Structures are given as structure tokens and as C-alpha cells.
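Heads up, the sequence shown is in our numbering, so the first residue is 1 and it goes up one at a time. Okay, so here's the structure we're looking at.
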Amino acid sequence: MALTGKLEAEVEVKCPADKLFSVVSSETHQIPNAASDKIHTVEVHEGDWETHGSVKHWKYSVEGKVETMKEKVLVDDANKSVTLIALEGHVMEEFKSYKIIYNVTPKNDEGSLVKITLEYEKLNENIPDPNRYLQFLVNLTKDLEAHLLKAQ
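If you want it as C-alpha cells, here you go:
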């Protein structure tokens, strides 16, 4: 069984790419308002809300379990892509490396396509693939969509 892997999912949303990308790249402090059952808090640990390379600390629930993660945020404005690299937290108990890549592409005037990629390296072969985290991110994306549509 391979220790390194990649999981991917695509989610079609009905909100504009610019708005969704703005929330996930520079307005992450709004995410607990959109998905309070999943994201409890997000705080800036180093840098600020908008700067490439900032470090944020998240408290969230996956499958009923409260977890935390400290991550470094890399933003690619030109490609509407945000990369989150785990530095500390619960995911690091199972993974040597864990990276989320969140890419938002305009689909038409109203909608967007969100591609979510998890790249990881397990600490050992007994660790399951992080499918629960991928599903969490898909569900979170749908919550963000609903929040943005309600605000229009």
C-alpha cells in the first residue's frame, strides 16, 4: 500500500468564482458564519487574513470529532487557487505531510467549478486515506455556496 496519495473532488456551485475565491483566500474569518457546524473558529497565527504565506489556526469538526490544524496559506490569485499546507494539528497525527489545494474556475456568468485536491503522505500503511477530510471539504464548499447565494 502506498504511503503517498492524492484525492480529488469537483463541486459545481452557483455562485461567481470571484466571490467564492475571495472567501477562501482572504476572507476566511467569514467561514465560521457560513458553516458553524463544521468550522468553529479560524484565527490568524502569523501574518494577516490576506497575505500569501500567512499562518492560520482552525478549529473544526469532522464526523463529530473536534480537531485543530495550523496551516500555511499560499494564494495564487491569477489561477484562483489556494494551497493550505498543514503544519500542526490532528491531521499530523496520521500524516507526515498534508496539503489541500482549492481551485475555483468560472463556469459561466453565475456558476463556478471548484476542484479540491488533497495531497498527503501517511505516517504508516495502517492509516486510511483521508476520504473523510475530502468529504468534509466538499460539504464545506456547499455551505459556502449557500451562504454566498443567501447574501446576494
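Backbone N, C-alpha and C define an ideal beta-carbon position, used for all residues, glycine too. All values derive from a computational prediction rather than experimental measurement.
Cβ contact annotation for Glu63 (same chain, cutoff 7 Å, sequence separation greater than five): Arg132, in chain order. The residue from Gly111, Asn139, Val23 with its alpha-carbon nearest to that of Ser61 is Asn139. Secondary structure of Thr141 (DSSP, three-state): helix. Close CB contacts of Thr141 within its chain, under the 6 Å cut and outside five residues either way in sequence, are with Val11, Val114 (chain order). For Ile101, the enclosing beta strand (DSSP E) covers residues 95–106.
Checking the DSSP bridge columns, you'll see Leu84 partnered with Val73, Ile100.
Taking the CA atoms as reference points, Gly53 sits about 5 Å from Val73. With respect to Lys99, Ile85 sits close: the two C-beta atoms are nearer than 7 Å. Assignment of Lys14 by DSSP, reduced to helix, strand and coil, places it in the coil class. Judged by their CB atoms, Trp58 and His29 are not nearer to each other than the 7 Å cut-off. In the structure shown, Ser36 falls within a coil segment according to DSSP collapsed to helix, strand and coil.
In this structure, Glu88 keeps its C-beta atom at 7 Å or more from the C-beta atom of Ile127.
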